[in-house]
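Let me begin by presenting the structure, written as structure tokens, before commenting on it.
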Amino acid sequence: ILTEILKQQAFGHIFNAVYPKHPLKKDYYTKKAELQQLEPPTFSADSETQHKKVTSTNVAKVLKYAFQTEI
């Protein structure tokens with residue numbers, strides 16, 4: 250993604266290099282803990298952090314970049 254930003258001179262945008270269909274942080278780490286037979290982590294009940302989701306909209310829209318593997 251960084252190479253594409255430089256190659257296309259796509260400066261002045263915010264690029265979050267995250268898989269577009271990534272799970273929520275809580276779901277991801279809970280599942281990983283279960284798979285390794287670890288105690289699942291606890292997360293804050295703070296509503297602000299509960300609904301925060303990082304998107305990669307500009308990666309696809311501006312750079313025309315497509316992710317090739319899933320999480």
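So the sequence shown is numbered by the numbering used here: it starts at 250 and just counts up by one.
All C-beta atoms, glycine included, are put in the ideal place defined by N, C-alpha and C.
Span separating the alpha-carbon of residue i from that of residue j
{"i": "Asn307", "j": "Asp276", "result": "24 Å"}
{"i": "Ser293", "j": "Val267", "result": "22 Å"}
{"i": "Phe264", "j": "Ala309", "result": "10 Å"}
{"i": "Gly261", "j": "Pro272", "result": "28 Å"}
{"i": "Asp316", "j": "Leu287", "result": "For the sequence presented, residue 316 should be read as Phe rather than Asp. Near 30 Å, if we compare the C-alpha coordinates of Leu287 and Phe316."}
{"i": "His284", "j": "Lys274", "result": "Per the sequence presented here, residue 284 reads as Leu, with His not at that position. Using only the alpha carbons, I get a separation of about 16 Å."}
{"i": "Pro269", "j": "Lys302", "result": "10 Å"}
{"i": "Thr304", "j": "Thr291", "result": "23 Å"}
Residue range of the unbroken alpha helix (DSSP H) whose run includes residue i
{"i": "Lys280", "result": "274-284"}
{"i": "Lys256", "result": "251-257"}
{"i": "Asn307", "result": "306-310"}
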